[in-house]
Each structure stands twice: as C-alpha cells, then as structure tokens.
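For the sequence shown, the UniProt record's numbering begins at 1 and goes up steadily by one. The C-beta atom is built at its ideal place from N, Cα and C for all residues, glycine as well.
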Amino acid sequence: MKSPLKLIGYNDGISHVEARYPAMLFKQQLTACVEKIFGLIRDNLKKELSPLLALCLQAPKTGRAQNGKSSRSPGGLPQQPPGGQWDNIINFLNSLLNQLCVNNIPSFFIRKLVTQVFSFINMTLFNSLLLRRECCTFSNGEYVKSGLAELEKWIVNANEEYAGTSWHELNYIRQAVGFLVIHQKRKKSLEEIRQDLCPALTVRQIYRISTMYWDDKYGTQSVSNEAIGQMREIVSKDNQSLTSNSFLMDDDMSIPFSAEDIDIAIPAVNTDDIELPAFLSEYPCAQFLVLHE
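Shown next as structure tokens:
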C-alpha cells in the first residue's frame, strides 16, 4: 500500500526533496494531487450515473397486460411509473450532495463537481437523442422535458453555492427537447429555428434532429422541405471544410479549476488549530511538519 505522502510526490525513504523554491514545488505537487482526486471522483460518478441515464432516454411504455395485471419489464420486475426513472437521478444527486457536505468538502469543489455531472447528463441525453430515432419523438420529448423540470427544481433547491451553472450546462438537451415538443414546426423558418429555438446547436445538429423526428402522438410533420434543403446545403458545404463532420458532443474531461482558482476560492486556514494525523510520525520525510507543530 502506498503511503499517503506518495500521492503528492514524496517517497517513504529519508531522501529530501531539493528544490530552489520548496514551497512552490509543494504547492505544485499538492495541486496535482487535488486534480487527480477530483478526476477520479468525477469519473466514478459518471460510471454510477450512466446506467441510470440509460433508463431515462426513452419514455417507458405504460399499459396493462391482457390478463389485467400490470405490465412487467423483460426481467420480470414491475415497470416503474413514468417519473420513477427520473426520481433515481434526483436521489443520486441528493446522495452526492449530502456525502460531499458531510465530508466537509468546500463548496468551491462541490460546485465544480456538480457542474461537470450536469455537463455529462447533457452530453449523454443529447447524443442519445441524435443517435436513436426512437428517442427523437414528440412523446419522448415530453418525457425528457418533464425530467428536465425535475432537474431544474433540484438545482434551485441546491442553490448557486452548490449547483453553480448546472442549469446552463443542460442547454443543448433543453433546446433539442424544446424543438421536439413545439407545435407547427413546418411554419418555422431556418432562421427562426437557429435564433429562437436552438441557438446553441449547430446546423448539422438541427438537421439531424429535423430528419430523425417523427410525431408519434399527433402525426404532425417536421420542418418544411425548404428549411431541410437549406440545412442540407449548409451541411454539404461544411463537409468540405471541416476535419470532423460529427454532430455529437464530446465528454468534458477537463479539470475546471487552476491553483489560482483554489487560492481565491478557499478561505485561509489557521494551521495552528489543526492537529496533524498520527501516521505522519511514521515517515521521516514528514518530520519537518511534526517538528513545526
């Protein structure tokens, strides 16, 4: 088992770190440690969240079996009510926020972590919408819109201190869903769609949604042939100049803060009031901390 000090670059032996500016070196190593831990937590949260989001991609089919019993899933378990899958997402977010607060994580890091979680939700739902025609329907748009409303309530309750810009992170899926559920699409010009309905989306993404869309509830049509033709022409020109013609969003794997951001956001701590962990006395390289105490 590696010693805790190895996480920030120290060895267990008696060798000393020689640096012209030891305080700066320690700060760099500590920053690298924080970034690594943040990335690991974020990636683990995405793994936990992915199977929950997979159940929110398409509106569940409700109904009753011929024998009068409630319908069941292929696995034999009763299907959850339409809002049940989104309740799982809300419970996940509640548990996350509670664990972070209980462990005294500074609100700065909570805000950054929650924001990236919502960025992942946005990317996952949006990409699935553009990849699966069965998700690109009017009724599915209503289903996802109702789920987004639940997420908005959670963000409001968590307040900006913890949620940060999370609602803004959902821009792409919000606008795509808004397009799915709007009536009289054929009366909308391409300019109206780009400026009013989907300002964040590229023409390629709007074209994809427009051609994939089908109204399974009222039987209405998608945008006009004129708008489709205009988008097709723009997409064709873009294909000649762009190195990538993907309409999908990329997962944000960046670390959303710098050492300077941490210095500004985290209040100063009086180290005289902090008791050093007992394990530090076991490591020769940490004796300077023990002596300082």
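Span of the alpha helix (DSSP H), counted from its first residue to its last, around residue i
i    : result
A268 : Neither: A268 is in no alpha helix (DSSP H) and is coded neither H nor E.
L148 : F138 to A163
V117 : S107 to L131
A176 : N171 to V181
S50  : P22 to A54
C-alpha gap between residue i and residue j, whole angstroms
i    : j    : result
E192 : K27  : 51 Å
A149 : C33  : 37 Å
R111 : Y162 : 4 Å
W154 : N98  : 13 Å
N127 : N103 : 34 Å
S224 : K188 : 8 Å
S70  : K61  : Low confidence applies to S70: its pLDDT is 42, below 50, so where it sits in the model is not reliable enough to give any reading.
R64  : D216 : Residue placement at R64 cannot be trusted, given a pLDDT of 37 that sits under 50; the coordinates are not used to answer.
P267 : S166 : 23 Å
L201 : I173 : 10 Å
G164 : V114 : 8 Å
V203 : I37  : 38 Å
E260 : A23  : 15 Å
E142 : N270 : 52 Å
K185 : K46  : 35 Å
L179 : R133 : Note that residue 179 is Phe in the sequence shown here, rather than Leu. About 15 Å.
H183 : R194 : 16 Å
D87  : P284 : 51 Å
A176 : A158 : 25 Å
C198 : D272 : 54 Å
M123 : S254 : 14 Å
S95  : Q85  : 16 Å
T220 : D250 : 32 Å
P51  : S222 : 31 Å
N140 : S146 : 10 Å
L53  : I228 : 31 Å
D43  : Q230 : 40 Å
I262 : E35  : 11 Å
M212 : L129 : 9 Å
T31  : L151 : 32 Å
F288 : V156 : 46 Å
E282 : L25  : 23 Å
L280 : I209 : 58 Å
L276 : S258 : 26 Å
Q58  : H168 : 23 Å
Y218 : E233 : 29 Å
D196 : D238 : 22 Å
E226 : D252 : 35 Å
E160 : W214 : 37 Å
Contact belief for residue i with residue j at Cβ below 8 Å, rounded distance in angstroms
i    : j    : result
L170 : F92  : Their Cβ separation, rounded to whole angstroms, is 16 Å, which puts L170 and F92 out of contact at 8 Å.
Q205 : F247 : 5 Å
E56  : I89  : Correcting the residue identity first, residue 56 is Cys in this sequence and not Glu. Between I89 and C56 the Cβ distance is about 7 Å, and since that is below 8 Å, they are a contact.
E40  : F120 : Reading the sequence as shown, one finds Leu at residue 40 and not Glu. Not a contact, Cβ separation roughly 15 Å.
A278 : F108 : Not quite, the Cβ-Cβ distance comes to about 29 Å (not below 8 Å), so this is no contact.
V144 : L131 : Wrong, their Cβ atoms sit about 14 Å apart, outside the cutoff.
Y207 : V181 : With a Cβ gap of about 19 Å, Y207 and V181 do not count as contacting.
K256 : Q116 : Residue identity differs from the one stated: residue 256 is Pro in this sequence, not Lys. That belief holds up - the Cβ atoms of P256 and Q116 are roughly 6 Å apart, short of 8 Å.
Residues that DSSP places opposite residue i in a beta bridge
i    : result
W86  : In the DSSP output, where bridge partners are listed per residue, W86 has none listed.
W214 : T137
For residue i, the three-state DSSP class (helix, strand or coil)
i    : result
S222 : coil
I237 : Residue identity check: residue 237 is Lys in the sequence provided, not Ile. Of the three classes helix, strand and coil, the one that applies to K237 here is helix, per DSSP.
Q195 : helix
K187 : helix
F247 : coil
Q99  : helix
M231 : helix
E282 : helix
G92  : Going by the sequence as given, residue 92 is Phe instead of Gly. Note: F92 maps to helix in three-state DSSP.
I255 : coil
Q58  : coil
E260 : helix
Proximity test, residue i beta-carbon vs the ligand HEM heavy atom, cut-off 7 Å
i   : result
F38 : With respect to small molecules bound, the structure shown includes none, and the ligand HEM cannot be examined in it.
Within-8 Å CB hit, residue i to chain C
i    : result
C135 : Going by chain labels, chain C is absent from the structure shown, which holds only one protein chain.
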